[in-house]
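In this note's numbering, each residue's number is its place in the sequence shown (first place is 1) plus 1392. Even glycine gets a Cβ: it sits at the ideal position worked out from N, Cα and C.
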Amino acid sequence: MLVNADFHIHSSFSGGTSQRITMKKLAEGAKKKGLDLIATGDCLHEGWLNEIKEGKMEDGIISYNGMNFILTVEIEDMHRVHHLLLFPSFDSIKEFRRIIERKCKDWDEGRPRILLSQAELLDAAHMAGGMIGAAHAFTPWTSLYAYFDSISCYGGKPDFIELGLSADSDYADRIEELNDMPFLSNSDAHSPSPFRLGREFNRMEVKEITWDEVEKAIKRGMITNVGFPPEKGKYNRTACSSCYRQYSREEARKMKWKCYCGGVIKKGVRDRVEELATFEKPRHPEWRGKYIHMLPLAEIIAHALGVHQSSSLVTKRWNELLRIGNEIEIMLDIELDEIKKATPPAIYNAIKAFREGKIKILPGGGGRYGEIFIEEEVENDLWYR
Ligand SMILES: [Zn+2]
Ligand SMILES: [Zn+2]
């Protein structure tokens, strides 16, 4: 069976998350999105773990309100690099905690800082029976390639690389040492809203949804990675993190990474990959699945209506459309004729433009997301913003 999975999310116990996130809300949001399996996130946190345990655990998967969850946590290491870890059972979490206990000072944080190196964390994760990989590997801060030039700092090979919202497999497969690594594309959602959940996800083939099958599927590589066009990500281009002015790598270097406004210039993922690249063009290994670019439906609706994404009208139209299928089906699978019947023409036209590859992106950078526009609007001077 094909399963849509998002392996990186957070609970309200992680910094930077605001809303009250509950397992129930996550389950609801994931269903509407069209996900079959999602991360619990923050599984080392006692409070969150208690809520997770309200679900029913079987074969390493927790079922809660009709959704499948897998135990995960994001950890910050002694070098401030973020890692994503997956665990098969509550016992393995206990074992992992036992190994790292003395190196962690902030158990109240959903994304704890553990004063170990990459290699030590990799060993600890494997000893506890879990999997580990670099989270948002190319982001200009708190990522592996922000501070290191090679995955060799793990000592051995991690189990996967998470591409992050500003990169796709075309980026990562320009780097030779990643050619034999499985790639994950996850949302890193800080909210249970289906506008955020599953904005990137993995489609994999499994016999059934169990830890063993998921582990095998991750190690084999995904059937499809689905996610943002890299330009949509907020760190795609080199840009100032205060005023978002974009720079070429050369300009930034000349400016000593200080913007005219006094802000700090952050190296974009595109430029970082250019530095690390072994190959001029991506070289995908034969087993690598396709990467499909997808955008949040809410953003497409907001764009079509010329309103902000948080507008109640967007939610209304989004819910209307959801009567014919979940969001992933609407974006990728359902016949356009059927969509035409379910939504006003402006929204239908925008979804059609997306399917035809006519939605373009003004690239993001410095912490600001890229913005979408439709090619024909510019050509026909219908560009209203
Ligand atoms: Zn992170
Ligand atoms: Zn600036």
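According to DSSP, residues forming a beta bridge with residue 1486
Residue 1486 is not bridged to any residue.
Enumerate in chain order the residues of its own chain whose CB-to-CB distance from residue 1682 is below 6 Å, with the five nearest sequence positions on each side excluded.
Only 1616 meet the Cβ criterion.
Measuring only the C-alpha atoms, how far is residue 1572 from residue 1677?
Going from the Cα of residue 1572 to the Cα of residue 1677 covers about 7 Å.
When the Cα atoms are used, what is the spatial distance from residue 1546 to residue 1523?
For residue 1546 and residue 1523, the distance between alpha carbons rounds to 13 Å.
Which residues mark the beginning and the end of the beta strand (DSSP E) in which residue 1695 is found?
Careful: residue 1695 lies outside any beta strand (DSSP E), inside the alpha helix (DSSP H) at 1689 to 1697.
Given this structure, state the Cα-to-Cα distance separating residue 1598 from residue 1641, to the nearest angstrom.
For residue 1598 and residue 1641, the gap between their C-alpha atoms comes out near 43 Å.
Once DSSP output is grouped into helix, strand and coil, what is the label at residue 1405?
Here residue 1405 carries a coil assignment [DSSP, helix/strand/coil].
Range covered by the beta strand (DSSP E) that runs through residue 1596
Counting along the chain, residue 1596 sits inside the beta strand (DSSP E) bounded by residues 1593 to 1597.
C-alpha gap between residue 1430 and residue 1652, whole angstroms:
Note on geometry: alpha-carbon atoms of residue 1430 and residue 1652 lie some 42 Å from one another.
Is residue 1538 near ligand 1, going by C-beta to nearest heavy atom under 7 Å?
Checking every heavy atom of ligand 1 against the Cβ of residue 1538, none is found closer than 7 Å.
Alpha carbon to alpha carbon, how far is residue 1727 from residue 1768?
Roughly 22 Å separates the two Cα atoms.
When you compare the CB positions of residue 1465 and residue 1434, do they come within less than 8 Å of one another, or not?
Yes, these two residues count as a Cβ contact at 8 Å.
By Cβ distance below 7 Å, which residues in the same chain neighbour residue 1569 in space, the five residues on each side in sequence not counted?
Same-chain partners within the cutoff: 1542, 1543.
What is the rounded straight-line gap between the Cα of residue 1658 and the Cα of residue 1631?
Answer to the nearest angstrom: the Cα atoms are 6 Å apart.
Kindly indicate which three-state DSSP category residue 1421 falls into: helix, strand or coil?
Under the three-state reduction of DSSP output, residue 1421 falls in the helix class.
When the Cα atoms are used, what is the spatial distance from residue 1733 to residue 1611?
Rounded to whole angstroms, residue 1733 and residue 1611 show a C-alpha spacing of 42 Å.
Given residue 1418 as reference, the closest of 1407, 1447, 1639 once Cα atoms are compared:
For the residues 1407, 1447, 1639, the minimum Cα distance to residue 1418 belongs to 1447.
Roughly how many angstroms separate the alpha carbons of residue 1575 and residue 1403, rounded to a whole number?
In a straight line, the C-alpha of residue 1575 is about 24 Å away from that of residue 1403.
Just the C-alpha distance for residue 1394 and residue 1627, rounded to the nearest angstrom, thanks.
Distance between residue 1394 and residue 1627, taken at the CA atoms: about 31 Å.
If you draw a straight line from the C-alpha of residue 1707 to the C-alpha of residue 1437, how long is it?
It is roughly 32 Å from the alpha-carbon of residue 1707 to the alpha-carbon of residue 1437.
Using the Cα positions of residue 1661 and residue 1758, report the straight-line distance between them to the nearest angstrom.
Whole-angstrom Cα-Cα distance: 10 Å.
Residue interval of the alpha helix (DSSP H) (run including residue 1796):
With the chain represented from 1393 up to 1777, any question about residue 1796 goes unanswered, as that position is not in the structure.
Alpha carbons only, please: which of 1731, 1623, 1711 is nearest the one belonging to residue 1761?
Measuring from the Cα of residue 1761, the nearest candidate turns out to be 1623.
Which one of 1412, 1401, 1470, 1489 has the shortest CA to CA distance from residue 1517?
Of the candidates 1412, 1401, 1470, 1489, the one whose C-alpha sits nearest the C-alpha of residue 1517 is 1489.
If we count the other Cβ atoms within 10 Å of its Cβ and call it buried at 16 or more, is residue 1510 buried or exposed?
Taking all protein chains in view, the Cβ of residue 1510 is crowded by 16 or more other Cβ atoms within 10 Å, so the residue is classified as buried.
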